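**Q** Residue 80 in numbering that gives the first Met the number 0 is what sits at position 81 of the sequence shown, and the numbering runs on without skipping anything.
We put the beta carbon where it would ideally sit given N, CA and C, even for glycine.
This structure is a prediction, so every number in the text was calculated from the model and none was measured.
Handing you this structure, nothing more for now.
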Amino acid sequence: MPSSTNHVLNCIAVDDEPFALKLIMDDIQKISFLKLIGSYSSPAEAEKALQENSIDLIFLDIQMPGVTGTQFLRSLANPPMVIFTTAYEEYALEGFELDVIDYLVKPIPFERFSKAANRALDQFKLIKEATPPSPEELFFFVRAEYKEIKIMFDDILYVEGLKDYVKIFLTSQTRPIMTRMNLKAIETKLPPKLFCRIHNSFIIPYSKIKSFQRSQVFIGTTPIPVGDKYAADFRKKYGHAE
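And the structure:
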């Protein structure tokens, strides 16, 4: 597969059907910017690989015994990019609700497979080439109410995600700012040393935490839930942030 980029995506394939898994592996190996790290017949095996390797992309079957592909994806606190590979069209809507890169229906023509891989590469470039906020930067901009609004990092109480919108609660005003972004997108704008995602729907600044328990933190008097899959990571990071 021709490619002018130097980017390489580390990927794994997950499918309980050996023949289907082999076809996906063969297609991966035809594309120069994909590096196959491993192939697995169950999500449990794949989860171990994700813990031990830096994985950028998963080719993931949906209908598998025990844990389905969608259940597996929902269980990951920080999932890599995902391309679903399945024999069933009816999961497409759920797939795109999970922000997957593409949804491929078996049997998969190589041309279609290649197109999906290139979509993943484009997304990978956007992530890698995005400029993170430097230590000198103290603010960012969001679009709300038909204008660009400047938000200071130290003014943020917490951020709540609502499907395709986020609410940004501030110390300087009672009404939150609502902007059309998903939580993952706004997470990339926030310095990880200052902010932590603690739930599917919430990001908080370490500096505004008044107290915390196993299942929730308090921003002032406001309780914010800590999701099970974020709890261990939060405790680890908060210990270093203090």
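Would you decide whether Leu49 is buried or exposed? Buried here means 16 or more other CB atoms lie within 10 Å of its CB.
**A** Buried.
**Q** Specify the secondary structure class of Leu75 as computed by DSSP and reduced to three states.
**A** Coil at Leu75, not helix or strand.
**Q** I'd like to confirm the pairing. Which residues does DSSP put opposite Gly37 in its beta bridges?
**A** The partner list for Gly37 (beta bridge, DSSP) reads Ile11.
**Q** Which runs of the alpha helix (DSSP H), 4 residues or longer, sit entirely within the stretch 172-210?
**A** Whole alpha helix (DSSP H) segments, 4+ residues: 182-186.
**Q** Rounded to the nearest angstrom, what separates Tyr265 and Arg142 at their Cα positions?
**A** Past the edges of the chain, shown from 0 to 241, lies residue 265, and the structure says nothing about it.
**Q** Would you call Ile100 buried or exposed, if buried means 16 or more other Cβ atoms sit within 10 Å of its Cβ?
**A** Classification for Ile100: buried.
**Q** Note down the Cα distance separating Val225 from Lys236, rounded to an integer number of angstroms.
**A** Their backbone Cα atoms lie some 13 Å apart in a straight line.
**Q** Find out if the Cβ-Cβ distance for the pair Lys34, Leu8 is shorter than 8 Å.
**A** Yes.
**Q** Spatial neighbours of Val104 within its chain, please: CB distance less than 6 Å, with the 5 preceding and 5 following residues excluded, ordered by chain position.
**A** The answer, listed in chain order, is Glu88.
**Q** Excluding the five sequence neighbours on either side, which residues of its own chain have a C-beta within less than 6 Å of the C-beta of Phe194, listed in chain order?
**A** Result list for Phe194: Ile202 and Pro204, in chain order.
**Q** Hey, how far is the Cα of Arg174 from the Cα of Phe168?
**A** One C-alpha to the other measures close to 7 Å.
**Q** Going by DSSP, what residue range makes up the alpha helix (DSSP H) through Phe152?
**A** Element bounds for Phe152: n/a, residue is neither H nor E.
**Q** On the DSSP bridge assignment, give the partners of Gln215 in chain order.
**A** For Gln215, which the question treats as bridged, DSSP gives the partners Pro224.
**Q** Ile197: buried (16+ other C-beta within 10 angstroms of its C-beta) or exposed?
**A** By the 10 Å Cβ count, Ile197 comes out buried.
**Q** Just mark Asp153 as buried or exposed, buried being the case when its beta carbon has 16 or more other beta carbons within 10 Å.
**A** Looking at its Cβ environment, which holds fewer than 16 other Cβ atoms inside 10 Å, Asp153 is exposed.
**Q** Where does Tyr87 sit, in a helix, a strand or coil, going by DSSP?
**A** DSSP places Tyr87 in coil when its eight states are reduced to three.
**Q** Tell me whether Ser3 sits in a helix, a strand or coil according to DSSP, three-state version.
**A** Low per-residue confidence applies at Ser3: pLDDT is 41, beneath 50, and the placement is therefore not dependable, though the value from the model is reported in the following sentence. Coil at Ser3, not helix or strand.
**Q** Verify whether the separation of the beta carbon atoms of Tyr39 and Ile61 is less than 8 Å.
**A** Going by C-beta atoms, Tyr39 is not nearer than 8 Å to Ile61.
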